[in-house]
Structure formats: C-alpha cells, structure tokens
C-alpha cells in the first residue's frame, strides 16, 4: 500500500494533499526503508535547537478540515473540537521522501519540524505524545492527515520520532493528549508515577464514529493499574485473597520473537501493562507474551476485558 498524495472528500469537492500515510516509514524486512523514505542522509542534528511545538489559540485552518473525507475506501469524520481528546495506539513516522511536500494544512512538510498527522483531530491541534515503552514525551502540531495504515493513530515527523526514540523501530505504542496554551504547563497525568491514583481520560466532544476505530479511546476511562489497599496489620483475609488472585495474563505463545514483539506492542496499545515477552526455556520453546502482575483483582479483570475486546486469546497464569 503506497502513501497517497491527496484525499478526495465525498463528491470530489475538496482534495487534501498531505502525508496521508499508507505504510509508515519503518524499515522493511530487508533492512531498508519503505520505497525511498527514511531518515535524512545527514542525521547529525543539534538537539539543543529542537524544541517542542508551542500551542497557540488560532482558528481552524481553511484547509484540511472538511466534515468528513474518504481515504483508501474508508470514511473519516473530523472532530468539531479537540477538547479533552486522548487516544492510545501505535505511532509511525515519515521522512525524507515527503520532505517539502504539501500537507493537508497547506503548509510544506518539514521533517525537522515538530509536527504530525492525525486522521480526525482539527487542524491545527497540538498534542503531547508519550512513548509508552520509554516514557519520553514531545509536543507536536497536527497539520496533516493520516496515517491510514491499520492500527496506527499518529504519523510523526522524523525529528519528533527521533526525540521519542522510535526511528529505529519504526513504530511504538503511544498515548496522545491535546494541549492548549492554558494547559501546556499543567501537570501531565501521563507522567505521574504508576503508583499514583487512576486518572480519568475524556474523549473529544462530539466524536462521530470513526471508520477506523482501531485503538481510539472509548467513553470510559482507560484502565490504569490502581494499587490495591494495603491490608491492615491485623490482616484482612479478603484483601489478601484479592491481591493473591490477581494472576498474570498470557495473550499468546509464538515460535518467532518478531511475532511476540508485535503482540506486545499491540497489547501495550490497548493501554494495559506491564507487558513482557518471556523467552524460550528448557521446558518451553515458545516466546510467551504476558501482561501483569497486577496490584488487584479488579485491575486484572479490567485488563482482561480490554485485551479480550482487542481480540487476544487471554488466559490466566496460575502461580
């Protein structure tokens, strides 16, 4: 599937030129990058001069904000508002092949600018992107449409992907959250310690059904693994049993390390964690992908439901 240069809105009244990413810019099996895409020839960058994008209070762009549009046979609806929007899924990136090309906003794509493409957020919108593997964060400006590769929620510029540490891998599980001039300096829930309280995440206002539902957040909060209450010194049998019964979950066993890694990434994209790949051992020659342990039975059950909804064959690992 190739990257398309324009998105034709219903009736052919408007074309949105831009990233419109089919595949991300990740490496192919042969070690090269997709088509002619990839990092710049000279990857030496003065990182002291690369700063996060700065949110601004500006009206929606005249370009790139139709009510809906179609791409690769699917219909997408542009949100009326980005207020409170959060989403968890895979991020990819695009680089030199598209550098200088026209984005959906009308701006030229600059692989060294902190920008990104999203299917539904209004243009422009600013979002904080958190790499769920290494917890690195950046703020980028949404000025393009895409990615349209199934399961991916955001296509980052090369420099944004480089700062998040995903250029070599090609993609990574991320959480995105809109920021504004009023909220940019507020404490970020995604940077709170895992032992902190669960933070309810809201979706954007008036979000029509997306043709590619992928890993978009639902109206319910994304489940976090809230810690179980510590039993009193006198000992609470019921509380101890709840913690003891929160066994890890196994979501697959694979003969290939690559397949196991992809399953891990897909699981992380649902918002659950921690997720680990257990390497083969003398008694088991497969790579096992497991989620947990959990601090409470309730956390385990929430994760179990999320994974089942994502299509994983989930089973508890008895210890």
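Residue numbers (the numbering used here): -5 to 313. We put the CB at the ideal spot given by N, CA and C, even for glycine. Predicted, not measured: the structure shown is a model, and the values here were computed from it.
Between residue i and residue j, which are expected to be in contact by the criterion C-beta below 8 Å, what is the C-beta distance as a whole number of angstroms?
{"i": "residue 266", "j": "residue 301", "result": "6 Å"}
{"i": "residue 158", "j": "residue 104", "result": "Rounded, the Cβ-Cβ distance is 17 Å, inconsistent with contact."}
{"i": "residue 46", "j": "residue 161", "result": "Going by Cβ atoms, the distance from residue 46 to residue 161 rounds to 18 Å, so no, they are not a contact pair."}
{"i": "residue 84", "j": "residue 32", "result": "Actually they are not in contact, since the Cβ atoms of residue 84 and residue 32 sit about 19 Å apart, beyond 8 Å."}
{"i": "residue 259", "j": "residue 271", "result": "Residue 259 to residue 271, Cβ: 10 Å. No contact."}
{"i": "residue 90", "j": "residue 34", "result": "5 Å"}
{"i": "residue 72", "j": "residue 141", "result": "Between residue 141 and residue 72 the Cβ distance is about 16 Å, and since that is not below 8 Å, they are no contact."}
{"i": "residue 251", "j": "residue 281", "result": "5 Å"}
{"i": "residue 110", "j": "residue 136", "result": "6 Å"}
Take residue i as the anchor and find which of the options has the nearest alpha-carbon.
{"i": "residue 112", "options": "170, 306 and 297", "result": "170"}
{"i": "residue 49", "options": "39, 78, 42 and 173", "result": "173"}
{"i": "residue 81", "options": "147, 251 and 282", "result": "147"}
{"i": "residue 177", "options": "43, 115 and 122", "result": "122"}
{"i": "residue 130", "options": "115, 166, 141 and 102", "result": "166"}
{"i": "residue 101", "options": "91, 57, 89 and 258", "result": "57"}
{"i": "residue 168", "options": "263, 283 and 272", "result": "263"}
{"i": "residue 43", "options": "251, 60 and 108", "result": "108"}
{"i": "residue 59", "options": "128, 78 and 114", "result": "114"}
{"i": "residue 287", "options": "241, 164, 303 and 74", "result": "241"}
{"i": "residue 62", "options": "74, 55 and 53", "result": "74"}
{"i": "residue 94", "options": "243, 175 and 106", "result": "106"}
{"i": "residue 257", "options": "55, 54 and 307", "result": "307"}
{"i": "residue 312", "options": "289, 243 and 92", "result": "243"}
Is residue i buried or exposed, if buried means 16 or more other CB atoms sit within 10 Å of its CB?
{"i": "residue 98", "result": "buried"}
{"i": "residue 261", "result": "buried"}
{"i": "residue 360", "result": "Because residue 360 is not part of the residues shown, which for the chain are -5 to 313, the question remains open."}
{"i": "residue 40", "result": "exposed"}
{"i": "residue 279", "result": "exposed"}
{"i": "residue 118", "result": "buried"}
{"i": "residue 38", "result": "exposed"}
{"i": "residue 309", "result": "exposed"}
{"i": "residue 283", "result": "buried"}
{"i": "residue 138", "result": "buried"}
{"i": "residue 276", "result": "exposed"}
{"i": "residue 269", "result": "buried"}
{"i": "residue 78", "result": "exposed"}
{"i": "residue 232", "result": "Unreliable positioning characterises residue 232 in this predicted model, as indicated by a pLDDT of 35, which lies under 50. A coordinate reading is not provided."}
{"i": "residue 52", "result": "exposed"}
{"i": "residue 298", "result": "buried"}
For residue i, which of helix, strand or coil comes out of DSSP?
{"i": "residue 244", "result": "strand"}
{"i": "residue 44", "result": "coil"}
{"i": "residue 135", "result": "strand"}
{"i": "residue 69", "result": "strand"}
{"i": "residue 311", "result": "coil"}
{"i": "residue 150", "result": "strand"}
{"i": "residue 252", "result": "helix"}
{"i": "residue 81", "result": "strand"}
{"i": "residue 53", "result": "coil"}
{"i": "residue 90", "result": "helix"}
{"i": "residue 276", "result": "coil"}
{"i": "residue 60", "result": "coil"}
{"i": "residue 263", "result": "helix"}
{"i": "residue 33", "result": "coil"}
{"i": "residue 296", "result": "helix"}
Answer yes or no: the CB of residue i versus the heavy atoms of the ligand ZN, is any distance below 8 Å?
{"i": "residue 274", "result": "The ligand ZN is not part of this structure, which contains no ligands at all."}
With a threshold of 9 Å between beta-carbons, can residue i be considered close to chain B, or not?
{"i": "residue 170", "result": "Annotation note: the requested chain B is absent from the structure, which comprises a single protein chain."}
Three-pair Cβ contact test at 8 Å for the stretch 239 to 255 versus the stretch 141 to 151: no
At least 3 beta-carbon pairs within less than 8 Å: the stretch 168 to 186 vs the stretch 53 to 68: No, they do not touch.
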